[in-house]
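Going by this note's numbering, the first residue of the sequence shown is number 147, and it counts up by one from there.
Glycine residues also receive a C-beta, built at the ideal position from the N, C-alpha and C atoms.
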Amino acid sequence: MHIGRSGEVAGGMSQVVNGYLAHSFADFDLRLVSSRDGSGGARAALLAVSAFWKVLRLSRPERTVVIAHLSQGGSFAREGALLALAHARGFGTVAQLHGSSFTDFAEKRPGLVGSVLRAADVVLTLSAESRDTAAEFVPGERVVLVPNAVADGVRRDIEPLVVFGGAVSVRKGVDVLVAAWQRLAPEHPLWKLVIAGPIVDQPAVPLVRGEFVGALSHEALMKLLERSAIAVLPSRDEAMPMFILEAMARSNCVVATRVGGVPAVLANGAGVIVEPGDANSLEAALRHAITNAAWRVEKADLARSAFETTYSAAAVFPLVERSWKAALDRRSDRVARRYRPG
């Protein structure tokens, strides 16, 4: 039983959950308790109350694992409380950490983080940093680093497209991308930049050979990546961005920044890494990818290979399923200790 955000959202936690729900696992049937959907006010409160009621009604704790998908802030408190409730009721529990700032959040709210993680039989993390931070609160053997998995893509006829996918924000580095592209675009009139995502705090300024297309459905964004040659994500802050993994699955040459788990994902030549906030380096990397077709294809092939071996469902989901089984085993140990004489 997964607890977290539901809905059609391009990238992020929702797509991780959607990927689980779409997959046929060998030993588990999957369900979702939706604890939030992006709404606010009364609707958000009703959804949270409904999620608590559903957890209270869960049965067969010896056969059921409850997985709470946790980000920072309100998510950690809300889904964390649901996880603690499931733990108190005797279910196997898994805390799956998302978000880009878990370590900072844990330093600011150690009491909350500790109480939630101690209610988990297994903690899944996306990066070595978050794994090490989680291990400060619970025994290290209960913390497992498991990457996000993404669905395979379909390759279409490749077009001279550079695609960005994500919130149009300073955190995602859209200001840096716009600055680099405005200098680069006049030299390469056959190429086009497409910036896809909801406007957050970065205005959709007019672009030379470029377009802000707004928020797209996940399916539409994936079709765009299937046609594109280059994917770019110049973020200032990330954990393990789904957009990069989805671009790798679709054989894009990936240009991204040295933040969070990105260097590990693009290791061994699977992508191009520049420093965050550096428009000159981003411009140079994009120029090289545009002008050197053989090099660009080699990077795309390495990205696709890394996806297949490390980030595909076939590679990741067996690890995830083992963690769910481990949660059931630890739950059995908990119950046995509780009722052991003496």
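Mapping DSSP to helix, strand and coil, what is Arg478?
Within the sequence shown, numbered from 1, the residue matching residue 478 stands at position 332. The identity of residue 478 in the sequence shown is Ser, whereas the question assumes Arg. Note: Ser478 maps to helix in three-state DSSP.
Which stretch, first to last residue, makes up the beta strand (DSSP E) that contains Gly226?
Mapped onto the sequence shown, residue 226 falls at position 80. Gly226 -> not in any beta strand (DSSP E); alpha helix (DSSP H) instead, spanning 220-234.
Report back the beta-carbon spacing between Leu243 and Thr210 to the nearest angstrom; my notes put them in contact at under 8 Å.
In the sequence shown, the residue the question calls residue 243 occupies position 97. In the sequence shown, the residue the question calls residue 210 occupies position 64. Contact doesn't hold; Cβ gap of about 21 Å is too wide.
Given a threshold of 16 other Cβ atoms within 10 Å of its Cβ, counted over all protein chains shown, does Asn438 qualify as buried or as exposed?
As a working note, residue 438 is residue 292 in the sequence shown. Burial call: exposed.
Could you tell me the boundaries of the beta strand (DSSP E) in which Ala265 lies?
By one-based count along the sequence shown, residue 265 stands at place 119. Unbroken run through Ala265: none, as it is neither H nor E.
Just the C-alpha distance for Ile213 and Ala435, rounded to the nearest angstrom, thanks.
As a first step, residue 213 must be located in the sequence shown, where it is residue number 67. As a first step, residue 435 must be located in the sequence shown, where it is residue number 289. Between Ile213 and Ala435, the C-alpha separation is close to 40 Å.
Restricting to Cα atoms, I'd like to know which of Ala375, Arg235, His233 is closest to Ala440.
One-based indexing of the sequence shown puts residue 440 at position 294. Nearest option by C-alpha distance: Ala375.
Arg468 and Glu372 look like a contact to me (Cβ under 8 Å); what is the Cβ gap, rounded to whole Å?
Translated into the one-based positions of the sequence shown, residue 468 becomes position 322. Translated into the one-based positions of the sequence shown, residue 372 becomes position 226. Between Glu372 and Arg468 the Cβ distance is about 31 Å, and since that is not below 8 Å, they are no contact.
Taking only the alpha-carbon atoms, compute the straight-line gap between Glu444 and Arg203 and give it to the nearest angstrom.
Taking the sequence shown and counting its residues from 1, one reaches residue 444 at position 298. Taking the sequence shown and counting its residues from 1, one reaches residue 203 at position 57. The alpha-carbon atoms of Glu444 and Arg203 are separated by roughly 53 Å.
So Ser170 packs on Ile149, CB below 8 Å; how close in whole Å?
Here residue 170 refers to the residue found at position 24 when the sequence shown is read from its first residue. Here residue 149 refers to the residue found at position 3 when the sequence shown is read from its first residue. That pair is no contact at about 21 Å.
Does the distance from the C-beta atom of Ala342 to that of Gly245 stay below 8 Å?
If you number the sequence shown from 1, residue 342 lands on position 196. If you number the sequence shown from 1, residue 245 lands on position 99. Contact: no.
Can you list, in chain order, the residues of its chain with a C-beta nearer than 7 Å to that of Pro409? Leave out the 5 residues immediately preceding and following it.
Residue mapping note: residue 409 aligns to position 263 of the sequence shown, counting from 1. Closer than 7 Å at the Cβ level, and outside the excluded window around Pro409, lie Ile419.
Count Cβ pairs between the stretch 308-316 and the stretch 333-340 that sit closer than 8 Å; are there 3 or more?
A contact exists between the stretch 308-316 and the stretch 333-340.
Does the stretch 257-274 touch the stretch 224-233, meaning 3 or more C-beta pairs lie closer than 8 Å?
The answer is yes - the stretch 257-274 touches the stretch 224-233, with three or more Cβ pairs under 8 Å.
Got a sec, what are the start and stop residues for the alpha helix (DSSP H) Ile345 sits in?
By one-based count along the sequence shown, residue 345 stands at place 199. Per DSSP, Ile345 belongs to no alpha helix (DSSP H) and is neither H nor E.
Taking only the alpha-carbon atoms, compute the straight-line gap between His215 and Lys254 and give it to the nearest angstrom.
Position 69 of the sequence shown, counted from the start, is the residue given in the question as residue 215. Position 108 of the sequence shown, counted from the start, is the residue given in the question as residue 254. When rounded, the distance between both Cα atoms is 20 Å.
Which residues in the same chain as Ala449 place their Cβ atom closer than 8 Å to its Cβ, once the five residues preceding and following it in sequence are excluded?
Position 303 of the sequence shown, counted from the first residue, corresponds to residue 449. Excluding residues within five positions, the ones whose Cβ falls inside 8 Å are Ala393, Met394, Ser397, Asn398, Cys399, Val400, Leu412, Ala416, Gly417.
Would Tyr457 pass as a contact of Val240 if the rule is Cβ separation under 8 Å?
By 1-based counting over the sequence shown, the position of residue 457 is 311. By 1-based counting over the sequence shown, the position of residue 240 is 94. Their beta carbons are not under 8 Å apart, which means Tyr457 does not touch Val240 by this criterion.
So, Val126 versus Val179, is the Cβ gap smaller than 8 Å?
There is no way to answer for residue 126, as the model of the chain reaches only from 147 to 488.
Answer with buried or exposed for Asp479, where buried requires no fewer than 16 other C-beta atoms within 10 angstroms of its C-beta.
Numbered from its first residue, the sequence shown carries residue 479 at position 333. It is exposed - the Cβ of Asp479 has fewer than 16 other Cβ atoms within 10 Å.
Just how far apart, CA to CA, sit Pro285 and Val259?
Translated into positions along the sequence shown, residue 285 becomes position 139. Translated into positions along the sequence shown, residue 259 becomes position 113. Each residue's Cα considered, the two are about 14 Å apart.
For Ser160, does the count of other Cβ atoms within 10 angstroms reach 16, so buried, or fall short, so exposed?
Residue numbering aside, residue 160 sits at position 14 when the sequence shown is read from its first letter. That one is buried.
What number of angstroms, rounded off, separates the C-alpha of Pro380 from the C-alpha of Pro207?
Mapped onto the sequence shown, residue 380 falls at position 234. Mapped onto the sequence shown, residue 207 falls at position 61. Spanning the two alpha carbons is a distance of roughly 44 Å.
Decide yes or no for the touch test of the stretch 359-373 against the stretch 320-339: beta carbon pairs closer than 8 Å, at least 3 of them.
Contact fails: fewer than three Cβ-Cβ distances are below 8 Å.
Please name the residue, chosen from Ala402, Arg382, Asp383, that lies closest to Ile390 on a Cα-to-Cα basis.
Walking along the sequence shown from the start, residue 390 turns up at place 244. Answer by Cα proximity: Ala402.
When you compare each of Val351, Phe453, Asp347 to Met388 by their alpha carbons, which one comes out closest?
Numbered from its first residue, the sequence shown carries residue 388 at position 242. Met388 has its Cα closest to that of Phe453, out of Val351, Phe453, Asp347.
Under three-state DSSP, which class holds Arg317?
Sequence index remark: in the sequence shown, residue 317 carries index 171 (1-based). Arg317 falls in the coil class under three-state DSSP.
Val405 by DSSP, collapsed to three states: which one?
By 1-based counting over the sequence shown, the position of residue 405 is 259. Here Val405 sits in coil by DSSP.
Determine the extent of the beta strand (DSSP E) in which Arg182 is found, giving its start and end residues.
As a first step, residue 182 is located in the sequence shown; it is residue number 36 there, counting from the start. Start and end: 178-182.
Suppose you measure from the CA of Leu428 to the CA of Arg317; what does that come to, to the nearest Å?
The count along the sequence shown starts at 1 and reaches residue 428 at position 282. The count along the sequence shown starts at 1 and reaches residue 317 at position 171. When rounded, the distance between both Cα atoms is 15 Å.
So, are the CB atoms of Arg151 and Ala194 less than 8 Å apart?
Position 5 of the sequence shown, counted from the start, is the residue given in the question as residue 151. Position 48 of the sequence shown, counted from the start, is the residue given in the question as residue 194. In this structure, Ala194 does not lie closer than 8 Å to Arg151 by Cβ.
Would you list, in sequence order, the uninterrupted beta strand (DSSP E) runs of no fewer than 3 residues that lie entirely inside the stretch 380-430?
Those beta strand (DSSP E) runs which fall completely within the stretch 380-430 and span 3+ residues are 399-403, 418-420.
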